[in-house]
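Enquirer: I have a structure here, written as C-alpha cells, and I will follow up with some questions on it.
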Amino acid sequence: MYLTGTYRHNLDAKSRVTLPAPFRKQFDSQVCLIPVGGAIYGFTPESHQAWIESFFKDGYQPDNRRDVKLRRALASSTVTVDLDTAGRVALGKLDAKKLEKCGIDREVAIVGNIDHFEIWDAAKFDQEMDELDEDLDDLIFNN
Numbered sequence: 000m001y002l003t004g005t006y007r008h009n010l011d012a013k014s015r016v017t018l019p020a021p022f023r024k025q026f027d028s029q030v031c032l033i034p035v036g037g038a039i040y041g042f043t044p045e046s047h048q049a050w051i052e053s054f055f056k057d058g059y060q061p062d063n064r065r066d067v068k069l070r071r072a073l074a075s076s077t078v079t080v081d082l083d084t085a086g087r088v089a090l091g092k093l094d095a096k097k098l099e100k101c102g103i104d105r106e107v108a109i110v111g112n113i114d115h116f117e118i119w120d121a122a123k124f125d126q127e128m129d130e131l132d133e134d135l136d137d138l139i140f141n142n
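Following this line, the structure appears as C-alpha cells:
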C-alpha cells in the first residue's frame with residue numbers, strides 16, 4: 000500500500016465520505032477508522048494491525064499491564080466499517096464525541112500518508128499545512 004495526495008470532498012447527510020479512486024483501489028471491502036490527533040486515520044485491517052504492533056518495540060507482552068491497556072485502548076477506539084458499492088466510508092459509525100473532537104463537519108481533506116489515509120476538517124488541514132511550510136523547507140534544503 001502506498002497512499003499519497005490530498006483530495007477535497009464533502010460529507011453527505013449521513014456523515015459518509017467517498018474515498019478517492021486511487022485509495023479505493025488499495026482497499027478490499029473494509030476500512031479500520033480511528034480518531035488520532037484531530038484527524039481520522041483509515042487503515043486496511045492488515046495495516047492497522049501492523050500499526051498497532053509498531054507501538055510494542057519488544058513485541059506485545061500479554062503479561063505487561065501497560066501493553067494490555069495500550070492495545071485495548073487502540074483496538075476499542077477503532078471501528079471497522081465496510082466500504083459501500085460507491086466507495087463511501089461511514090464516519091457516523093465512530094463515537095460522536097471522538098468525531099466532534101476532530102472538528103469534522105462538512106468539508107474534508109482526505110490525505111494519503113503512505114500506509115494509511117487521514118480525514119481532516121479541510122480548514123484545519125490547511126492550517127496544519129501552512130504551519131509546516133517552514134519546517135518542510137528546512138527538512139528539504141537544510142539537511
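The opening residue of the sequence shown carries number 0 in numbering that gives the first Met the number 0; numbering runs sequentially from there. Beta carbons are placed, not taken as given, at the ideal position from N, Cα and C, and that holds for glycine. Remember, predicted model here, so these are calculated numbers, not experimental data.
For residue 98 and residue 42, I'd like the C-alpha separation in whole angstroms.
Expert: Their Cα atoms are separated by approximately 17 Å.
Enquirer: Would you mind working out which of 141, 18, 79 and 70 sits nearest residue 119, comparing C-alpha positions?
Expert: Comparing Cα-Cα distances from residue 119 to each of 141, 18, 79 and 70, the minimum goes to 18.
Enquirer: Using the Cα positions of residue 6 and residue 21, report the straight-line distance between them to the nearest angstrom.
Expert: Going from the Cα of residue 6 to the Cα of residue 21 covers about 10 Å.
Enquirer: Taking only runs that begin and end inside the segment 78 to 126, name each unbroken beta strand (DSSP E) of 3 or more residues, in chain order.
Expert: Taking only runs of at least 3 residues, the beta strand (DSSP E) segments lying wholly in the segment 78 to 126 are 78 to 81, 87 to 89, 106 to 111 and 116 to 120.
Enquirer: Hey, residue 88 and residue 35 are a contact pair by Cβ (cut 8 Å); roughly how many whole angstroms apart?
Expert: The Cβ separation is near 16 Å, so there is no contact.
Enquirer: Would you decide whether residue 77 is buried or exposed? Buried here means 16 or more other CB atoms lie within 10 Å of its CB.
Expert: When all chains shown are included, residue 77 counts as buried.
Enquirer: Since residue 112 and residue 10 are thought to touch, with beta carbons under 8 Å apart, how far apart are those beta carbons, to the nearest angstrom?
Expert: Going by Cβ atoms, the distance from residue 112 to residue 10 rounds to 20 Å, so no, they are not a contact pair.
Enquirer: Taking the alpha carbon of residue 68 as the reference point, which residue from 82, 114 and 51 has its own alpha carbon closest?
Expert: Considering only alpha carbons, the answer is 51.
Enquirer: Would you report the Cα separation of residue 85 and residue 70, rounded to the nearest angstrom?
Expert: Cα to Cα, the separation comes out at about 32 Å.
Enquirer: Would you identify the three-state DSSP class for residue 26, choosing helix, strand or coil?
Expert: Residue state, collapsed to three classes: coil.
Enquirer: Alpha carbon to alpha carbon, how far is residue 62 from residue 122? Give it in angstroms, no decimals.
Expert: Answer to the nearest angstrom: the Cα atoms are 43 Å apart.
Enquirer: Quick check on DSSP: helix, strand or coil for residue 38?
Expert: Reduced to three states, the DSSP call for residue 38 is strand.
Enquirer: For residue 135, is the classification buried or exposed, using 16 other Cβ atoms within 10 angstroms of its Cβ as the cut-off for buried?
Expert: That one is exposed.
Enquirer: Beta-carbon within less than 7 Å of residue 60's beta-carbon, same chain only, minus the 5 sequence neighbours each way: which residues are those?
Expert: Cβ within range, chain order: 66.
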